[in-house]
């Protein structure tokens, strides 16, 4: 039920209280005075019984709407959304910003459409345009974005109920992730390739950042936040004091034999620095990694996959899974490592099981 068309003398016939019928098209319209202001609404039907049901619904909803904002456009609603969510975490703002940009670029009905005119089918149509090309988790994020936007419209009394509540598909079960973890030779080849790009200003910085992810087994956010005051070369338990960015809890990463030479080179290259100086000049090596994998004809490894490369290295070296888990900042005694990461380690996983079973003989 959407659209407003003003009844004019001679064309519309009053057939019941608040109900008008167009003499030529046969369509019905609702008319009602609220607070001294005339409200008009097309009931979008030529069926009398359906028109009466829609009229009743419209009249009931009039008291729930704010007449001052009911003509809010989609463009204005999206601007409100940006303001409401600007205080969220950087990751949330990035995700919302990407989807918002894509929505503005691909929404087929124009941003000047009034929010109250947006039908459920419009949203189903927009989601369907991406459905075949995105993962289920991404689809769910798109629906979540729409839900947040139209919740604002409901709370601000622009509309009575969110059209998202009636979507054809509100949620999709996430597909099992297809994890690919680079081997040590693949990891080393990627880093060498990135460092070898002579016509890129950030090749060395990107190479340092990505190499650290694979050698220390840390995430991009933790690496970006690392300062020299967190690096200990000389104590009885040398290593890195890492602050988990999600939980803000600290955990210790040992100075692995393969990590120490790298960190010593970085320290020498940094020169005289304060404890608060960042170790790395960049905070994200995603583009360099993607380009390197493409040039080498390797799978599109992510920065997370480089972290998993270290987990694989430790696993294959026979390090106790509880220690691996602890060095990853997990508090589950190794459950996540066993349930998630080892599924991609292939034969080594089977060897580990065989080794454990041999203990029973």
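Numbering (my numbering), first residue to last: 7 to 367. Every residue, glycine too, gets a C-beta built ideally from N, C-alpha and C. All values reported here derive from a predicted model rather than from experimental measurement.
Practice problem: Between the Cα of residue 165 and those of 148, 48, 121, spot the shortest distance and give me the residue it belongs to. | Solution: Mapped onto the chain shown, residue 165 falls at position 159. Comparing C-alpha distances from residue 165 to each of 148, 48, 121 shows the shortest one belongs to 121.
Quiz item: Which two residues bound the contiguous alpha helix (DSSP H) that contains residue 36?
Solution: Counting from one through the chain shown, the residue named residue 36 turns up at place 30. Where residue 36 is concerned, there is no enclosing alpha helix (DSSP H), although the beta strand (DSSP E) it sits in stretches over 34-40.
Practice problem: Please report the residue range of the alpha helix (DSSP H) in which residue 46 lies. | Solution: Looking up residue 46 in the chain shown gives position 40. Per DSSP, residue 46 belongs to no alpha helix (DSSP H); it is in the beta strand (DSSP E), 43-48.
Quiz item: Quick one, which of 258, 313, 131, 276 has its alpha-carbon nearest residue 224's?
Solution: Stepping through the chain shown from its first residue, residue 224 is reached at position 218. For residue 224, the closest C-alpha among the options 258, 313, 131, 276 is that of 313.
Quiz prompt | residue 270, buried or exposed, once every other Cβ within 10 Å from all chains shown has been counted against 16 | solution = Counting from 1 along the chain shown, the entry for residue 270 is found at position 264. Label assigned to residue 270: exposed.
Quiz item: Could you check where the alpha helix (DSSP H) with residue 200 kicks off and where it finishes?
Solution: Taking the first residue of the chain shown as 1, we reach residue 200 at position 194. For residue 200, the enclosing alpha helix (DSSP H) covers residues 190-201.
Quiz item: Under three-state DSSP, which class holds residue 256?
Solution: Position 250 of the chain shown, counted from the start, is the residue given in the question as residue 256. Judged by DSSP in its simplified three-state form, residue 256 adopts strand.
Self-check item: Status (buried if at least 16 other CB within 10 Å, exposed otherwise) for residue 14
Solution: For this step, residue 14 is matched to residue 8 along the chain shown. Bear in mind that the predicted position of residue 14 carries a pLDDT of just 46, short of 50, making it unreliable; the figure below should be weighed with that in mind. Exposed is the label assigned to residue 14, since fewer than 16 other Cβ atoms lie within 10 Å of its Cβ.
Quiz prompt | Cβ-based burial, residue 102 [other Cβ within 10 Å; buried from 16] | solution = Walking along the chain shown from the start, residue 102 turns up at place 96. By the beta-carbon neighbour count (other beta carbons within 10 angstroms, threshold 16), residue 102 is buried.
Self-check item: Neighbourhood of residue 233 by C-beta, 8 Å cutoff - its chain only, sequence neighbours within 5 removed
Solution: On the chain shown, position 227 is the one that residue 233 refers to. 281, 282, 283, 284, 285.
Self-check item: Nearest-angstrom Cα separation, counted from residue 51 out to residue 24
Solution: For this step, residue 24 is matched to residue 18 along the chain shown. For this step, residue 51 is matched to residue 45 along the chain shown. Distance between the alpha carbons of residue 24 and residue 51 is about 15 Å.
Quiz item: Could you give the residue range of the beta strand (DSSP E) that holds residue 27?
Solution: For this step, residue 27 is matched to residue 21 along the chain shown. From DSSP, the beta strand (DSSP E) with residue 27 extends over 25-28.
Quiz item: In chain order, which continuous runs of the alpha helix (DSSP H) of length 4 or greater are located wholly inside the stretch 82-169?
Solution: The qualifying runs are 96-112, 126-137, 142-161.
Quiz item: Using a Cβ-Cβ cut-off of 8 Å (strictly less than) and excluding sequence neighbours within five positions of residue 189, which residues of its own chain qualify?
Solution: Taking the chain shown and counting its residues from 1, one reaches residue 189 at position 183. Non-local C-beta neighbours of residue 189 in its own chain, meaning closer than 8 Å and more than five positions away in sequence, comprise 315, 318, ordered along the chain.
Quiz item: Do residue 36 and residue 47 come within 7 Å of each other at the CB atom, strictly closer than that value?
Solution: Translated into positions along the chain shown, residue 47 becomes position 41. Translated into positions along the chain shown, residue 36 becomes position 30. The Cβ-Cβ distance between residue 47 and residue 36 falls below 7 Å.
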